[in-house]
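One structure is given below, encoded as structure tokens.
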Amino acid sequence: MAAEFVLTFAAEGILTKVAAVATEQFSLAWGFKGELARLGDSLSLMQNILRDAAEQPTDRDHAFKDWVKKLKDIAQDADDVLDEFQYEVLRRKLELQNHMKKKVLNFFSISNPIAFRLKMARKIKNINQLLAELESRATLIGLVAKQKDATPQAMVNRETVSSFDTDEKFFGREELLSDIVKTLINSNNQENLSVMPIVGMPGLGKTTLAKKVFNEPDIDKSFDKRIWVCVSDPFDVNSILRRILEVLNPTIARIESQEALLKNLQEALARKRYILVLDDVWNEDRIIWINLMNCLSKLGSRESTVIVTTRSANVASITETNPNLRRTLGLLQEDECWSILKNRAFHDDNARADLEIIGKQIAKKCAGVPLVAKFFYKIREMRWSKWSKWSN
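Under the UniProt record's numbering, the sequence shown is numbered contiguously, ending at residue 392.
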């Protein structure tokens, strides 16, 4: 059932992106928020179908495997579209900043927002139609989702489980990564649960950095349990506790009451040192955060650690247990953006001399934001003339 398991997490990751897109303050999503909501509902249903299928006998026929493959393809298409939207939102933010500074970069030339909305609406509508057809097929082959919980659920990481592989090259944050790992390892003499916020504007790589920390061999050796939960909105304490329990013991994760959740979590984490990553936290309500911390402090050993990734300095102030633990991400250097771009476009690290010149010109215009550089991984599929277009 490995394929179904991975796809469940992929669907949840895309759900997180849908939530982030829907809450953006830009009017760019005007005209297709209804389709976004429909996409979220459809993916949630698919997620439930996969979860229930994972609890059934493992013998599956060809029709089921074909259904899973089609869902994987559609989920990837949805992921690509939402990446495109988030990139456009980030591009417009940087464009606005450059206008305010009266230093408008050619790369951030003004584009037609209406045309972009229409294009996004069409793409998301097409994906929704494919998901509707897949839902009909699910019924025909005997896949039916159980009733969903009424309580909003926190969502696991925004990418697939396979995204936790450590093979992907990492640029520009090596010293910070080493510093965080060293700090966390040396925190084994602390008296209370500690919280380390990683804060920065969208696109700077907070989640990527947290994943690198999460996967470091020294972290794996130092902590008995590693848990990753993507929170986003709404921030619901019971949902977060339930998702932690789901990571530790999936067979009993459908518990509702906080008392029962804590009892099972205490058993799962008894005398264990754990590291918990809460990715993409937006909550600025101190009382709700204290409620969660009161729950977490009852679990495991006192030497445990929570990492919080957030865009908000207010969230960092509320969550941090020691100001010295906060890590704030800045912009990358130009050569670091080029390294990201080159790695995405040329896996063998060998770029033609003419393309390297153009690529470095593009790297200048990434404004130090890793997400902008990563967006150009598709450039390797472009013709040389399109490279020239981007550089100009």
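Virtual Cβ for every residue (Gly too), placed ideally from N, Cα, C.
The structure displayed is predicted, hence computed values, not measured ones.
Could you say which of the options lies nearest to residue i if we only look at CA atoms?
i: Met-120; options: Arg-286, Asp-77, Leu-204, Lys-360; result: Asp-77
i: residue 406; options: Ala-316, Val-372, Pro-234; result: No answer is possible for residue 406: the residues shown for the chain start at 1 and end at 392.
i: Lys-263; options: Val-281, Leu-241, Leu-276, Asn-283; result: Leu-241
i: Gly-330; options: Ile-114, Lys-70, Met-201, Gln-190; result: Met-201
i: Leu-184; options: Gly-40, Ile-255, Asn-324; result: Asn-324
i: Leu-332; options: Asn-128, Asp-80, Phe-170; result: Phe-170
i: Met-46; options: Ile-318, Leu-143, Ile-198, Glu-174; result: Leu-143
i: Gly-34; options: Arg-117, Trp-338, Glu-336; result: Arg-117
i: Asp-224; options: Asp-279, Ile-244, Arg-271; result: Arg-271
i: Lys-212; options: Ile-362, Asp-179, Phe-32; result: Asp-179
i: Asp-73; options: Lys-125, Leu-134, Gly-40; result: Leu-134
i: Ala-316; options: Ile-227, Asp-279, Asn-238; result: Asp-279
i: Ser-187; options: Ile-124, Glu-216, Ser-222; result: Ser-222
i: Arg-38; options: Ile-227, Thr-309, Pro-234, Ile-127; result: Ile-127
i: Asn-249; options: Phe-85, Gln-361, Pro-234, Glu-267; result: Glu-267
On the DSSP bridge list, what partners appear for residue i?
i: Ser-301; result: None; Ser-301 has no bridge partner.
i: Arg-286; result: Paired residue(s): none; Arg-286 is not in a bridge.
i: Trp-67; result: DSSP, once it has assigned bridges, lists no residue as partnering Trp-67.
i: Arg-226; result: Ile-275
i: Ile-307; result: Met-196, Val-277
i: Arg-327; result: Ile-198
Roughly how many angstroms separate the alpha carbons of residue i and residue j, rounded to a whole number?
i: Val-68; j: Arg-137; result: 11 Å
i: Ser-44; j: Leu-50; result: 10 Å
i: Ser-162; j: Asp-218; result: Residue confidence for Ser-162 is low, a pLDDT of 33 falling below 50, so the modelled location carries little weight; the figure read from the coordinates is stated next. Taking the straight line from one Cα to the other gives about 20 Å.
i: Asn-294; j: Lys-182; result: 26 Å
i: Ser-312; j: Arg-326; result: 12 Å
i: Asp-285; j: Lys-364; result: 39 Å
i: Ile-290; j: Leu-140; result: 47 Å
i: Phe-64; j: Leu-193; result: 45 Å
i: Leu-296; j: Ala-260; result: 14 Å
i: Leu-90; j: Thr-208; result: 17 Å
i: Ile-357; j: Gly-203; result: 24 Å
i: Ile-198; j: Asn-283; result: 15 Å
i: Arg-302; j: Asp-52; result: 36 Å
i: Leu-131; j: Ile-362; result: 37 Å
i: Lys-374; j: Thr-310; result: 20 Å
i: Arg-273; j: Thr-305; result: 8 Å
i: Asp-83; j: Glu-175; result: 28 Å
i: Thr-321; j: Ile-288; result: 15 Å
i: His-62; j: Cys-337; result: 44 Å
Which two residues bound the contiguous beta strand (DSSP E) that contains residue i?
i: Asp-280; result: 274-281
i: Pro-217; result: First-last for Pro-217: 217-222, but that is the alpha helix (DSSP H), not the beta strand (DSSP E).
i: Ser-194; result: 194-199
How would you write the range of the alpha helix (DSSP H) that residue i sits in, first residue to last?
i: residue 405; result: The question about residue 405 has no answer, for the chain in this structure spans 1 to 392.
i: Gln-266; result: 258-268
i: Asn-238; result: 237-248
i: Ala-313; result: 313-319
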